[in-house]
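These protein sequence lines are chains A and B, in that order. Taking this note's numbering, the leading residue of the first sequence gets 901, the next gets one more, and so forth. Taking this note's numbering, the leading residue of the second sequence gets 901, the next gets one more, and so forth. Some notes on the structure that comes next.
There are 2 protein chains.
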Amino acid sequence: MKETISNLPMREKILDTAASLFAQKGFYAVSVREITRTVGIKESSLYNHFRSKDQLLEEIFDLFQSQEEEFFKGLSSAIEIKKTFKRGKIKTFLNNELKRFLRFWDSPQRERLWFIVSMEQHRNPHAAGLILQGFQQTRKSLKNLIQVLVDHKIIKPLNSDLLAAEYSYTMRAMFLEYRLLKVTNQSTHSIKKSMEAYIQRFLERIQDKG
Amino acid sequence: MKETISNLPMREKILDTAASLFAQKGFYAVSVREITRTVGIKESSLYNHFRSKDQLLEEIFDLFQSQEEEFFKGLSSAIEIKKTFKRGKIKTFLNNELKRFLRFWDSPQRERLWFIVSMEQHRNPHAAGLILQGFQQTRKSLKNLIQVLVDHKIIKPLNSDLLAAEYSYTMRAMFLEYRLLKVTNQSTHSIKKSMEAYIQRFLERIQDKG
DNA sequence: GTCTATACGAGGATAGAC
DNA sequence: GTCTATCCTCGTATAGAC
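Structure representation (structure tokens):
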């Protein structure tokens, strides 16, 4: 895959390398020298493409945001398509979306973006905003789904705000543990099972058996 | 309160200053020069108290761990004492423990420790271990509580592992949002209400009405 | 236990030749 | 758009006087 990277325009090559190094060590621990040495250019050349080291980080934040938007757009259209939900298929749908979510962020390129934003979220307001936006978007999408299910009388007429919050918070915390296990090279089997078990119990609670 | 700090032994003063600066900017963004300048000593003097900058971080991790242990010890004894649960008091108990938890980590000293460990969790295995330990401890304490409630027939004989996981994951994600809102100077009112609402619905689901 | 002095590599960034 | 050369500050850390 090195060929792919080395065929990129220099600007992309720099950004890609920076993302890779930032994700491994954190923004501050990586120097411009290290980035350019890895790319194979001189420090001064980097400044023909980026104003500063900070600009690299900002562009990475933008990439993260566009990836998040891409995922949520996919989720929205999946919900839209499934307006013809068959009663028994909700569980399959949720499990598939969970798998899609995990696969989406397991992609090495996106995983790096996720790490960088996560690392920076506590000291960088921009990063914090992106994470909070993720929380909100997840709730919003879930609320939308639950409303569709309520409208089709597949689940009881429950408060979709509260349910969406509950489901998305739980899933998000599990996802954080999933990521932490992955990065420390531990098995994610158990936490994946917990996620599936949660979906199962969540549905049992809300489905309209009548 | 500056008097309090300046009366500390030098070793504590350095550690306190380091924690404060690390929490604001991150470990890498803070230099030994900056720490000693803030304390009012020369760089060389710091090395009479600490082997290296890394040792400062390690000691901060130890402080975090001892604070976590302190909290969980308090929670355990609260559960122990409440073995005589009155049916109607569980909600009060959980709400109180929630408030205690938030107040505990809202203390400026502990908040700093929490920030530092959170920031370092993605690149530092020691920090990642501490966070994962927190996940586990929370589940364990909750499982213990639920088991007590089941034994006293206050709640239905449900799987305490699954319930503990669900409750603690949800609360933890909400806590993360709480912290992120705080650090970005936004209102935490809404998320606190969500926490209380979650406790309410959780209890409704599991209480033995019979 | 703190200071002065110093070592020396690494940090981000720029000027100007090619 | 890349290079060489250079700037100057900051990084951690140590030796040795007081």
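Positions of the beta carbon are idealized from the N, C-alpha and C atoms, including for glycine. This one's a predicted model, so the numbers in the text were calculated from it and none came from an experiment.
Under 9 Å by beta carbon: chain B residues contacting residue 1080 of chain A: 1021, 1022, 1028, 1031, 1032, 1035
Reduced DSSP category for residue 1055 of chain B - H, G, I as helix; E, B as strand; rest coil: strand
Looking at C-beta atoms only, is the number of pairs between the stretch 969–977 of chain A and the stretch 1034–1043 of chain A that lie closer than 8 Å three or more? yes
Start-to-end residues for the alpha helix (DSSP H) that takes in residue 948 of chain B: Looking at the DSSP string, residue 948 of chain B is not in any alpha helix (DSSP H), and its letter there is neither H nor E.
Interface flag, residue 1009 of chain B vs chain A, CB-CB below 9 Å: no
Would you mind working out which of B:1063, B:1006, B:934 sits nearest residue 1099 of chain B, comparing C-alpha positions? B:1063
Can you find the residues in the same chain that come closer than 7 Å, C-beta to C-beta, to residue 917 of chain A, ignoring five residues on each side of it along the sequence? 935, 938, 939
Under 7 Å, CB to CB, which of the residues in the stretch 1057–1074 of chain A have a partner in chain B? 1062, 1065, 1066, 1069, 1070, 1072, 1073, 1074
Label residue 1041 of chain A either buried or exposed according to how many other C-beta atoms from any shown protein chain fall within 10 Å of its C-beta, with 16 as the threshold for buried. buried
Straight-line CA distance for residue 903 of chain A to residue 992 of chain A? With a pLDDT of 44 at residue 903 of chain A, under the threshold of 50, the modelled position of that residue is not reliable, and the figure given next carries that caveat. Straight-line Cα distance between these residues: approximately 39 Å.
Could you compute how far the alpha carbon of residue 1094 of chain A sits from the alpha carbon of residue 1061 of chain B? 10 Å
Test: residue 1094 of chain B CB closer than 9 Å to a CB of chain A: yes
Between the alpha carbons of residue 901 of chain B and residue 1092 of chain A, how many angstroms are there, rounded? Its pLDDT being 41, under 50, residue 901 of chain B is placed unreliably by the model, and the measurement read from it follows with that caveat. For residue 901 of chain B and residue 1092 of chain A, the distance between alpha carbons rounds to 48 Å.
Would residue 949 of chain B pass as a contact of residue 911 of chain B if the rule is Cβ separation under 9 Å? yes
Which word fits residue 943 of chain A, buried or exposed, when buried means at least 16 other C-beta atoms lie within 10 angstroms of its C-beta? exposed
Contacting residues, own chain, Cβ-Cβ under 7 Å from residue 961 of chain A (five flanking each side not counted): 1017, 1026, 1027, 1030
For residue 963 of chain B versus residue 927 of chain B, is the C-beta spacing smaller than 9 Å? no
Interface residues of the stretch 943–972 of chain A facing chain B [CB-CB below 7 Å]: none
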